[in-house]
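Student:
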Amino acid sequence: MIAEAPKGGAPAKPAVAAKARKIRTVEGITEYQLDNGLQVLLFPDATQSTVTVNITYLVGSRVEGYGETGMAHLLEHMLFKGTPRHRNVLKLLDERGAQMNGTTWTDRTNYYETLPATQANLDFALDLESDRMINATISPDDLKTEFSVVRNEFEIGENSPLSILQERIISTAFLWHNYGKSTIGSRSDIEKVPVPALRAFYEKYYQPDNAVLVVSGKFDDAKALASIEKFFGTIPRPTRKLAPSYTIEPVQDGDRSITLRRNGDIHAVGLAYHTPGAAAEDFPAVLAALDVLTREPSGRLYKKLVETKLAASVGGYNAFFRDPYVAYFQAEIRDPKNVAKVEATMLAEIEKLGSAKIDDKEIERWRASTMKEIELAMADSQRIAIELSEAAALGDWRAIFAFRDRVGKVTAADAQKAAAAYFKQTNRTLGRFVPTKTVDRAPFRETPDITAMVKGIDGGEVKEQGEQFTATLDTIEQRTTRKELKGGIKAALLPKKTRGGKVELQLALHWGDEKSLQNKAVIADLAASLMSRGTTKKSYQDLQDLQDQLKSKIWVGGGADGFTLNIETLRDKLPAALDLAAEMLTSPSFPDKQLEIVKQEQLAQLEQQLTEPQVLAFVTLQQITSPWPKSDPRYTMSPAEQIAAIKKVTVADIKAFYKEFAGVGAGELVAVGDFDVAAIPAQVEKLLAGWTSKKKYVRLIDRPFGVAGTTKSIDIKDKEMTMLVAAHDLAMKDSDPDYAAWLLVGQILGGDTSSRLWMRLREKDGLSYGAGAWTSADALDESASIGAYAMVAPMNLAKAKAALLEEINRIVSGKIAADELQRAKDSWTKAQDTQLSNDSYVIGMLRNQLFRGRTTEWSKQLRAKVQAVTAADVERVAKKHLHPSKLTVIDAGDLSKANEPKK
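Counting in the numbering used here, the sequence shown runs from 1084 upward without gaps.
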């Protein structure tokens, strides 16, 4: 079916769908326009096995009126309730294995879905989005449950003091413009919005002449265009005319400051300076000036504050917004005695940049890093399809290419001029998170001319398109080469021609045993973090600069029993990136100064977690259900325990650990993308030759502890969200005959947006922003678990806990309907299929297969077993393995608010 009912005073819909007019093609993206005003962008990419549909409406919180804050975002939620023909959109998309979301920002709202690439799936997505454009239900009953869900999302955001500090600073910086209002809105507006007002907002802005439709991935151009004409071409152009927003923020006439006092553990200072909109000619120069100050490790603020240990971290950003916005800076300070000095240093360094010398090298670092991100993004058609929403919100999707071209032209003088214009006292708003007569104003800036910005933009060379590769278990297995390298490394190599020649590589190394790894977890983690901080030949800055030059991202993660090296790059850069990565692994210098910086960063993060409900709930759950000795590498440390341990670690400890354990002995190498299958293993063998671990690897065994069921409440003052989690362990491997049914127990209980917990706590009762469940079983050990969770307001805790436990009991004692079982099977299977199009997921899958001695044949057999499971199997397995009396139930939040009435 196609469009049903015109809105906004539109004439009767035409009997024949309108034909699309081709407008232009830029770097592989072709623009069309329908007579009703809909702008269409097609971006085919045969290398993908999925298709993405992204529709952007040019409406966000910027156009909300008095009493309407949060309306654009609330409407986004309501559209997932569906239409008369498409009820419960999340369920419909889950049934097709889609990855999907909707997001709202200041200048736009977008909805996207990525599905396996079939014409039927593309038609479904186009039909859905055209139907949602004009036929959304927006009923009082739906609003009654959804507004409390949105309010819960608001409450989750309220739990982060640093996020709220930024919100307060920006709201203080803007007197009139809606950029000063958070997109999530105010609590009262969210709760009290009337249905007629929400519908009027919807009918005004959700129209074809206010939308940009993007289709990317694998599809037939002609068929896709015909489907777009079919589903969208019959929607009439509305008779109403959208008036341009006319509120202009005046030039700030003096410095402002605010203080935020909330529960937390570290101090912070934030600064905002008004800057031009993203289409302004000097916007890239503002970004360059911001980078000169905040880049790690060369940034001036970083060197003055982080390297001297005055602050744990510094950062900054500016947003790609239509109207003038702000450049934002923030520093986290652990020692309150340093706050005043940090604040003074920030003000001095930022506000003198306009008169200080900026080196060309500083600009080139920013340019190399920015161009790297753009090029890597352009190699991913799905990512670009979604990011085009931001360019469209400026007024013309080609802004993404115009911005890239302007980045290439910025000079040090441009950055200095921008800093002098905007980074000044009278243009500043300062905020602190705690536990002049001569006015020097910034220049007045109007919304920049997007037409001038994109004039003459024809685009650059079209990227290498890659090959058509449909990712399935069979095609992955047929294409993958497995071999064993010298030194005990097992390799799985999946070559394919990708867009832009992108390639991802992961190398995991294992060492040590249960005895030798006692009390080594924190030392190992710090050692891995220092791998990218300097080698015997190169400094931290050298390594960062080389990665930008090589258009590569290289990072090392680690635990007590091994390190994992990750590389994301392009084909012609991979050999050099591997050389650099191997140097990081085999000859780290572990600088004293960098250890102190890494410790500061980690301590600042952990100190924030001391009062974070989600973290404390899950850590407590792990400590109760898996009570390994504290010295054991399998023990889950609390934030407080990690803080204490990190403070004690010295460079000598790290060097001793590295000397004793680091090296090749056992491991896995996986590469996916555009690379030479023969060259890479040979290069890895050569680079790592002679680098051998002194500690033989003996795998750490996992097991269930079978602790008795218990409950525990963690009181965390001044938190607007409570985390609820319940779980127990059991003995089972994934080779157990019950495993396939066990997976479906978790899927039915809380595996997706059609599951029982989601439908009960979010859709029916409106108690939680997010609720779900999991079931797991290890491949090598008799260790499995089941658990459930929900995020709720403190005053809804008792009701939510009762509902969660009721659903758990119901799946144990009740029946499984045939249609519910089939939906769960289909949703699980399609989600697995969709994940195969993600190279990072495939890398993890292949690596796990190597570690477990398996191939994709095991996964195919599991799918067959899942499809063979009966309702009786699920009922039997739930009764056999899920025991509500054994659950450990944890809630973490402000207990004093649990009995408060809902405001």
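Note that beta-carbon positions come from the ideal geometry of N, C-alpha and C, so glycine has one too.
#1: Sorted by chain position, which residues of the same chain lie with C-beta nearer than 6 Å to residue 1519's C-beta, five sequence neighbours on each side aside?
#2: Taking the alpha helix (DSSP H) that residue 1628 belongs to, which residues open and close that run?
#3: Closest by CA to residue 1377, which one among 1411, 1888 and 1363?
#4: How big is the Cα-Cα spacing for residue 1775 and residue 1749?
#5: Could you tell me which residues DSSP pairs with residue 1105 in its beta bridges?
#6: Do residue 1843 and residue 1890 have their CB atoms nearer than 8 Å?
#7: Just to confirm the assignment, what range does the beta strand (DSSP E) spanning residue 1275 have?
#8: Measuring straight from C-alpha to C-alpha, what distance separates residue 1611 and residue 1592?
#9: Note down, one range per segment and in chain order, each alpha helix (DSSP H) of at least 4 residues found wholly within the region 1131 to 1202.
#10: Please say whether residue 1240 and residue 1156 have beta carbons closer to each other than 8 Å?
#11: Tell me the rounded alpha-carbon separation between residue 1360 and residue 1408.
#12: Pull up the distance between the alpha-carbon of residue 1838 and that of residue 1831, whole angstroms please.
#13: I need the straight-line Cα distance from residue 1235 to residue 1981, nearest angstrom please.
#14: Check the DSSP bridge columns for residue 1640 and list the partner residues they point to.
#15: Let me check understanding here. Comparing Cα to Cα, which of 1626, 1271 and 1827 lies closest to residue 1960?
#16: Going by beta carbon distance, what residues of the same chain come within less than 7 Å of residue 1630, once the five residues before and after it are set aside?
#17: Since I believe residue 1527 is in contact with residue 1397 (beta carbons under 8 Å), could you give me their beta-carbon distance rounded to a whole number of angstroms?
#18: Who are residue 1127's beta bridge partners in DSSP?
#19: Verify whether the separation of the beta carbon atoms of residue 1937 and residue 1912 is less than 8 Å.
#20: Check whether the Cβ atoms of residue 1721 and residue 1601 sit closer than 8 Å, and answer yes or no.
#21: Please name the residue or residues paired with residue 1350 in a DSSP beta bridge.
#22: In whole angstroms, give me the CA-to-CA distance for residue 1134 and residue 1930.
#23: If you follow the alpha helix (DSSP H) that residue 1829 is part of, which residue opens it and which one closes it?
#24: Would you mind stating whether residue 1029 and residue 1109 have Cβ atoms separated by less than 8 Å?
#25: Excluding sequence positions up to five away, which residues of its chain have a Cβ less than 6 Å from the Cβ of residue 1114?
#26: Assign residue 1974 to one of three DSSP states: helix, strand, or coil.
#27: If you follow the beta strand (DSSP E) that residue 1813 is part of, which residue opens it and which one closes it?
#28: Does the beta-carbon distance from residue 1130 to residue 1550 come in below 8 Å?
#29: Since residue 1511 sits in a beta bridge, which residues does DSSP pair it with?
#30: In whole angstroms, what is the alpha-carbon distance linking residue 1537 and residue 1491?
#31: What is the DSSP secondary structure of residue 1802, counted as helix, strand or coil?
#32: Quick check on residue 1708: buried or exposed, where buried means 16 or more other Cβ atoms within 10 Å of its Cβ?
#33: Taking contact to mean 3 or more Cβ pairs, one atom from each stretch, closer than 8 Å, check whether the region 1578 to 1586 and the region 1540 to 1557 are in contact.
#34: Please classify residue 1899: does DSSP put it in a helix, a strand, or coil?
#35: Ignore the nearest five residues each way along the sequence and tell me which others in residue 1281's own chain have a CB closer than 8 Å to its CB.
#36: How far does the beta strand (DSSP E) with residue 1533 in it reach, from first residue to last?
Tutor: Taking the geometry as given:
#1: Residue placement at residue 1519 is poorly supported in this model, since its pLDDT is 44, which falls under 50; the coordinates still yield a value, given next. There are no such residues.
#2: From DSSP, the alpha helix (DSSP H) with residue 1628 extends over 1623 to 1632.
#3: That would be 1411, whose Cα lies nearest to the Cα of residue 1377.
#4: When rounded, the distance between both Cα atoms is 10 Å.
#5: 1115, per the DSSP bridge assignment.
#6: Using a Cβ distance threshold of 8 Å, residue 1843 and residue 1890 count as a contacting pair.
#7: Taken as a continuous stretch (DSSP letters only), residue 1275 belongs to no beta strand (DSSP E), being part of the alpha helix (DSSP H) at 1270 to 1275.
#8: Residue 1611 and residue 1592: Cα-Cα distance of roughly 12 Å.
#9: Complete alpha helix (DSSP H) runs here, min 4: 1154 to 1162 and 1172 to 1178.
#10: No, the Cβ-Cβ distance between residue 1156 and residue 1240 is not below 8 Å.
#11: Residue 1360 and residue 1408 have their C-alpha atoms spaced approximately 6 Å apart.
#12: Using only the alpha carbons, I get a separation of about 5 Å.
#13: Rounded to the nearest whole angstrom, the CA to CA distance from residue 1235 to residue 1981 is 14 Å.
#14: Answer by DSSP bridge pairing, in chain order: 1647.
#15: The option with the nearest alpha carbon to residue 1960 is 1827.
#16: 1636 and 1637.
#17: Not quite, the Cβ-Cβ distance comes to about 30 Å (not below 8 Å), so this is no contact.
#18: Paired residues: 1300.
#19: Remark: C-beta atoms of residue 1937 and residue 1912 do not approach each other more closely than 8 Å.
#20: Not in contact: residue 1721 and residue 1601 (Cβ atoms no closer than 8 Å).
#21: By DSSP's assignment, residue 1350 forms a beta bridge with 1416.
#22: Straight-line measurement puts the Cα of residue 1930 at about 26 Å from the Cα of residue 1134.
#23: Residue 1829 -> alpha helix (DSSP H) spans 1822 to 1833.
#24: Outside the modelled stretch of the chain, which goes from 1084 to 1986, sits residue 1029, for which no answer is possible.
#25: Beyond the five residues adjoining it in sequence on each side, residue 1114 comes within less than 6 Å, by CB distance, of 1106, 1107 and 1124 in the same chain, given in chain order.
#26: In the structure shown, residue 1974 falls within a strand segment according to DSSP collapsed to helix, strand and coil.
#27: In the DSSP assignment, residue 1813 falls within the unbroken beta strand (DSSP E) covering 1805 to 1813.
#28: In this structure, residue 1550 lies closer than 8 Å to residue 1130 by Cβ.
#29: Answer by DSSP bridge pairing, in chain order: 1356.
#30: Distance from the CA atom of residue 1537 to the CA atom of residue 1491, rounded to whole angstroms, is 15 Å.
#31: Residue state, collapsed to three classes: coil.
#32: For residue 1708, the number of other beta carbons within 10 angstroms of its own is at least 16, and it is reported as buried.
#33: The region 1578 to 1586 vs the region 1540 to 1557: in contact.
#34: Judged by DSSP in its simplified three-state form, residue 1899 adopts coil rather than helix or strand.
#35: Closer than 8 Å at the Cβ level, and outside the excluded window around residue 1281, lie 1154, 1157, 1158, 1161, 1221 and 1226.
#36: Residue 1533 -> not in any beta strand (DSSP E); alpha helix (DSSP H) instead, spanning 1533 to 1537.
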